[in-house]
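J.: My structure is below; once you've seen it, I'll send some questions.
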Amino acid sequence: MLRERHLGGTIILADAHIRYSKPISGKPNAVADLGSLSGDLDRLARGKKARVQLQVELLGGETAGAIFEGIYIVLPAKPFGPYEEGGNEEE
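So, in structure tokens, the structure goes:
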């Protein structure tokens with residue numbers, strides 16, 4: 003979602019919940035439900051923090067065993083100017 007819009011930033015997990023419906027056996031897999039993905043990345047494009055929600059289904063083999071729901075905060079990337087730390091300080 004960020005790459006599609008050519009955006010970047012620091013992603014922080016703000017809140018998360020896992021609901022287990024049955025034990026997960028075998029090799030676990032995670033499948034993100036892109037239909038559940040929501041957020042306002044226009045705020046990030048304007049240099050403000052954005053909130054994004056995502057739902058992931060955890061599978062044991064072919065069977066769903068849990069649902070993970072996360073709320074993420076995306077902080078905008080800081081511009082790297084000539085007088086900031088690590089920049090070129092020549093005049």
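The sequence shown begins at 3 in the numbering used here and counts up one residue at a time. All C-beta atoms in this analysis are idealised placements derived from N, C-alpha and C, irrespective of residue type, glycine included.
1. Check whether the Cβ atoms of LEU46 and PRO78 sit closer than 8 Å, and answer yes or no.
2. Tell me the rounded alpha-carbon separation between HIS19 and GLU71.
3. Three-state secondary structure (DSSP) at GLU6?
4. Mapping DSSP to helix, strand and coil, what is ARG45?
5. Is VAL54 buried or exposed, if buried means 16 or more other CB atoms sit within 10 Å of its CB?
T.: Once the coordinates are examined:
1. Sequence index remark: in the sequence shown, residue 46 carries index 44 (1-based). Sequence index remark: in the sequence shown, residue 78 carries index 76 (1-based). Contact flag set, yes.
2. Here residue 19 is taken as the residue at index 17 of the sequence shown, counted from 1. Here residue 71 is taken as the residue at index 69 of the sequence shown, counted from 1. Each residue's Cα considered, the two are about 5 Å apart.
3. For the purposes of this step, residue 6 is taken as residue 4 along the sequence shown, with counting starting at 1. Reduced to three states, the DSSP call for GLU6 is helix.
4. The residue given as residue 45 occupies position 43 in the sequence shown. Taken through DSSP and simplified to helix, strand or coil, ARG45 comes out as helix.
5. If you number the sequence shown from 1, residue 54 lands on position 52. With 16 or more neighbouring CB atoms inside 10 Å of its own CB, VAL54 falls in the buried class.
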